[in-house]
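**Q** Below are the structure tokens for one structure; questions will follow.
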Amino acid sequence: MRRQVLQVTVTARQPLALGVSSEVSFFTDGHRFVPGSVLRGALAAAWIAEHGTPNGSGSTARFRALFDGQTRFGPLHPDGSTRIPLSVLSCKYPRDEVCAAAVVDRAFAPVVACPGCGQRMQASKGELGLPADAEPRRVVRTSIDPQTMRAKEGELYGHDALPAGTRLTGTVFGTDSWLAQPRTLRLGGRRSVGGAADYHATAAPAPAAPPTGGTLVVRLESPAVFVDVAGRPRLDPDPDLDLPNGVRLDGAWTRPMSWSGWHAASRLPKPADVCAMPGSTYRLVGEPATVDAFAQRLLDDGIGLRRAEGFGIAQIATGPWRPPSAGDHTPAQARPAGGAHRRLRVLLDLDLAARERAWLVGALRGLQVEQHRAQTTPGGSADVDAVLDALLAQPTAAGLTGRQREGIRTALADIDPATLRDLTTLAITAYGPDVAHDGEGRRQ
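If you want it as structure tokens, here you go:
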């Protein structure tokens, strides 16, 4: 008899603050999904609220069976989201529709040049693309000075949060009558003003591994913690600890990330682990029967360490990755529309000279002015392309290459005023304070 799992649906009633770390000055970035460890912690908090703190009685055994036993808590992803595996290549600066549609999965094909233009392709960074209505929103807060009853100087903070109404789905690997009950959870941080979400779970058969034919391609859905026999971190499965005899690693496409957390019982931070990030891809080969058995074990039990905490969730790929719909060919990393951080990465990749960076900050401010004018004019709207044409015609921009011009246009495509404001702030921080004093980029 096949195992059972719980298909979980969570709907955010309030913004979900899933903080990562302070990346730029006052700002705390956030996960674009709910990690399995966060779901596990929220369910554990709900169990304690209903049954009391485990105190050595029978409740302790039940609690440990649920949250420290064989049950694994997978990540929850917003509906319509797509993570591009790290094995995927795409044309960095597509010249036409052929280039834009060119996507190669190295786990299945060794191609490294764009089929459209012949240029070398860029690797995915494992980013999770979200639909527009699920993009994180920036929330800003401050402290009030009790003497003046005004905002305190130097105490302005911001963080990302998934918006209220976001629907997320995932899997809990294991069944229990308590886990199957609908309830309200508190997910992430800032729980005094957010984090409320409706939780529903439905029992379903566990996924069955397809025949592998001796070649197995594995993609991580959650971070995975791998170590070697000496306990040192690594980014791929250890042949002695993670793989059965007769199965060997034939290819790995990974990126490292650091993952820590908070231990609620002790009220202490967890030590940071070096992990293979979600989207990491591995190709394994071996005798077909052995590989088939390992594939099923991988789906049932996960891989690596700390699996009870939501790490090591993986899926099996039966074919090369393709964009989710025929009408949307461009991978997310080549399509920066959305958050200011992704747009900033496009600009930073252009390798602009110091004078050009100062001009760019001025151009961003000029675009802000045009958008503000349009907002304050009845029936007005800012033509971003026309404004960019005027800005790119300025003398300082004359030295920009075609690649740099196209990159700037890509980074500013369909940008809204709030994202433009954030992008300008991030660019000034990234380029240094000197660029903030250049004024040429403003359109007259």
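With the working numbering as the guide, the letters of the sequence shown map in order to residues 86 to 529. Backbone N, C-alpha and C fix where the C-beta goes; we use that ideal spot for every residue, glycine too.
1. Kindly give me the distance between the Cβ atoms of P322 and F311, rounded to whole angstroms, as I take these residues to be in contact under 8 Å.
2. Please go through the same chain and pick out, in chain order, the residues whose beta-carbon is closer than 7 Å to the beta-carbon of L429, but skip the five residues on each side of it.
3. By the three-class DSSP mapping on this structure, what secondary structure does V278 have?
4. Return the residue from the list D434, L103, P480 that minimises the CA-CA distance to A448.
5. Excluding five sequence neighbours on each side, which residues of the same chain lie with their C-beta closer than 7 Å to the C-beta of L473?
6. Among the residues of its own chain, which have a CB less than 8 Å from the CB of S343, if the five just before and after it don't count?
7. What residue from T113, L101, A131 has the CA that sits closest to V119's CA?
8. With a Cβ-Cβ cutoff of 8 Å, do D253 and H162 count as a contact?
9. Between G280 and Q99, which are expected to be in contact by the criterion C-beta below 8 Å, what is the C-beta distance as a whole number of angstroms?
10. Quick check: the stretch 323–339 against the stretch 374–387, are there 3 or more CB pairs under 8 Å?
11. Look up A417 in the DSSP assignment and say whether it is helix, strand or coil.
12. Give the single residue among V370, T260, Y284 whose Cα lies nearest to the Cα of A127.
13. Counting C-beta neighbours from all protein chains within 10 Å, is the total for W406 16 or more, i.e. buried, or is it exposed?
14. Please determine, among G259, L369, P308, P248, the residue with the shortest C-alpha to C-alpha distance to G298.
15. Three-state secondary structure (DSSP) at S509?
16. Who are the Cβ neighbours of L390 in its own chain at under 6 Å, not counting the five residues just before and after it?
17. With DSSP collapsed to three states, give me the class of F396.
18. Within its chain, find whatever has a CB closer than 7 Å to the CB of R271; leave out the 5 residues flanking it on each side and keep chain order.
19. Determine whether the beta carbon atoms of V188 and P408 lie at a separation below 8 Å.
20. With 8 Å set as the bound, which would you pick, yes or no: does the beta-carbon of Q460 sit closer than that to a beta-carbon of chain B?
21. Applying the 10 Å Cβ sphere with the 16-neighbour rule, what's the burial state of W347?
22. Quick one, are the C-beta atoms of R228 and E220 less than 8 Å apart?
23. Quick check: the Cα distance between A417 and R180, rounded to an integer number of angstroms?
24. May I ask you to report which of helix, strand or coil DSSP gives A337?
25. To which residues of the same chain is G397 closer than 6 Å at the C-beta, ignoring the five residues directly before and after it?
26. Which residues mark the beginning and the end of the beta strand (DSSP E) in which F530 is found?
27. Who are F311's beta bridge partners in DSSP?
28. Indicate whether F158 and L124 have their beta-carbon atoms separated by less than 8 Å.
29. Would the beta-carbon of G364 fall within 8 Å of that of S122?
30. Near R319, what residues of its chain come up, given a Cβ to Cβ distance below 8 Å and the 5 sequence neighbours on each side ignored?
31. In angstroms, rounded to a whole number, what distance separates the CA positions of A294 and A380?
32. Return the CA-CA distance between D114 and L215, expressed in angstroms with no decimal places.
33. Can you tell me whether W263 is helix, strand or coil according to DSSP?
34. Please state if the CB of V257 and the CB of L91 are separated by a distance shorter than 8 Å.
35. When you compare only the Cα positions, how much space is there between I401 and E306?
36. Using the C-alpha atoms, what's the distance from V225 back to Q232?
**A** Reading from the atomic positions:
1. Sequence index remark: in the sequence shown, residue 322 carries index 237 (1-based). Sequence index remark: in the sequence shown, residue 311 carries index 226 (1-based). Between P322 and F311 a beta carbon distance of about 6 Å is seen, short of the 8 Å cut, so the two are scored as contacting.
2. Taking the sequence shown and counting its residues from 1, one reaches residue 429 at position 344. If we look at L429 and ignore the five residues flanking it on each side, its Cβ neighbours are L508, L511, A512, A515.
3. Stepping through the sequence shown from its first residue, residue 278 is reached at position 193. DSSP places V278 in coil when its eight states are reduced to three.
4. Taking the first residue of the sequence shown as 1, we reach residue 448 at position 363. Cα-wise, what sits closest to A448 is P480.
5. Here residue 473 is taken as the residue at index 388 of the sequence shown, counted from 1. Closer than 7 Å at the Cβ level, and outside the excluded window around L473, lie R494, L497.
6. By one-based count along the sequence shown, residue 343 stands at place 258. Cβ neighbours of S343 beyond the five flanking positions: A357, D358, V359, C360.
7. Position 34 of the sequence shown holds residue 119. The candidate whose alpha carbon is nearest that of V119 is L101.
8. Counting from 1 along the sequence shown, the entry for residue 253 is found at position 168. Counting from 1 along the sequence shown, the entry for residue 162 is found at position 77. With the sequence shown as reference, residue 253 is identified as Leu, and Asp is not the correct amino acid for it. Yes, they are a contact pair.
9. Indexing the sequence shown from 1 puts residue 280 at position 195. Indexing the sequence shown from 1 puts residue 99 at position 14. So it is a contact: roughly 6 Å between Cβ atoms.
10. Judged by Cβ distances under 8 Å, the stretch 323–339 makes contact with the stretch 374–387, as three or more pairs qualify.
11. The residue labelled residue 417 in the question sits at position 332 within the sequence shown. The pLDDT assigned to A417 is 39, lower than 50, so where the model puts this residue is not dependable; a value taken from the coordinates is nonetheless given after this. The answer is helix: DSSP assigns A417 an H, G or I state.
12. Within the sequence shown, residue 127 is the residue found at index 42, counting from 1. Check the Cα spacing between A127 and each of V370, T260, Y284: the tightest is with Y284.
13. In the sequence shown, the residue the question calls residue 406 occupies position 321. Buried, since its Cβ has 16 or more Cβ neighbours within 10 Å.
14. For the purposes of this step, residue 298 is taken as the residue at position 213 of the sequence shown. Per the Cα distances, L369.
15. Residue 509 sits at position 424 when you count from the first residue of the sequence shown. Strictly speaking, residue 509 in this sequence is Thr, with Ser absent from that position. DSSP places T509 within a helical segment (H, G or I) once states are collapsed to three.
16. In the sequence shown, the residue the question calls residue 390 occupies position 305. Result list for L390: V310, in chain order.
17. The residue you call residue 396 lines up with position 311 of the sequence shown. In this structure, F396 counts as coil in the three-state DSSP scheme.
18. As a working note, residue 271 is residue 186 in the sequence shown. Within the same chain, and ignoring the five residues on either side of R271 in sequence, the residues whose Cβ sits closer than 7 Å to its Cβ are A127, A130, G280, A281.
19. In the sequence shown, the residue the question calls residue 188 occupies position 103. In the sequence shown, the residue the question calls residue 408 occupies position 323. Yes, the pair counts as a contact, with Cβ atoms nearer than the cut-off.
20. Looking at the structure shown, chain B is missing, and only one protein chain is on hand.
21. Stepping through the sequence shown from its first residue, residue 347 is reached at position 262. Classification for W347: exposed.
22. As a first step, residue 228 must be located in the sequence shown, where it is residue number 143. As a first step, residue 220 must be located in the sequence shown, where it is residue number 135. Before going further, note that residue 228 is Ser rather than Arg in the sequence given. No, Cβ-Cβ distance for S228 and E220 is not below 8 Å.
23. Along the sequence shown, one-based indexing puts residue 417 at 332. Along the sequence shown, one-based indexing puts residue 180 at 95. Unreliable positioning characterises A417 in this predicted model, as indicated by a pLDDT of 39, which lies under 50. The coordinate reading is nonetheless provided below. So the alpha carbons of these two residues sit roughly 17 Å apart.
24. Translated into positions along the sequence shown, residue 337 becomes position 252. Note: A337 maps to strand in three-state DSSP.
25. As a position in the sequence shown, residue 397 is number 312, starting the count at 1. Excluding sequence neighbours, G397 sits near A309, G387, I388, G389.
26. Beyond the ends of the chain as shown, which are 86 and 529, falls residue 530; an answer cannot be given.
27. As a first step, residue 311 is located in the sequence shown; it is residue number 226 there, counting from the start. According to DSSP, which records beta bridges pairwise, F311 is partnered with R319.
28. To locate residue 158, count along the sequence shown from 1; it is residue 73. To locate residue 124, count along the sequence shown from 1; it is residue 39. For F158 and L124, yes; Cβs fall inside 8 Å.
29. For the purposes of this step, residue 364 is identified with residue 279 of the sequence shown, where counting begins at 1. For the purposes of this step, residue 122 is identified with residue 37 of the sequence shown, where counting begins at 1. Contact flag unset, no.
30. Position 234 of the sequence shown, counted from the start, is the residue given in the question as residue 319. Counting only residues of its own chain and dropping the five nearest sequence neighbours on each side, R319 has a CB closer than 8 Å to the CB of F311, V312, D313.
31. Counted from its first residue, the sequence shown places residue 294 at position 209. Counted from its first residue, the sequence shown places residue 380 at position 295. Those two C-alpha atoms are separated by around 6 Å.
32. Translated into the one-based positions of the sequence shown, residue 114 becomes position 29. Translated into the one-based positions of the sequence shown, residue 215 becomes position 130. The straight-line gap from Cα to Cα measures roughly 16 Å.
33. Walking along the sequence shown from the start, residue 263 turns up at place 178. Coil at W263, not helix or strand.
34. Here the question's residue 91 lines up with position 6 in the sequence shown. Here the question's residue 257 lines up with position 172 in the sequence shown. Cβ distance < 8 Å, so L91 and V257 count as in contact.
35. By 1-based counting over the sequence shown, the position of residue 401 is 316. By 1-based counting over the sequence shown, the position of residue 306 is 221. Approximately 10 Å between the Cα atoms of the pair.
36. The sequence position of residue 232 within the sequence shown is 147, counting from 1. The sequence position of residue 225 within the sequence shown is 140, counting from 1. Distance from the CA of Q232 to the CA of V225, rounded to the nearest whole angstrom, comes to 22 Å.
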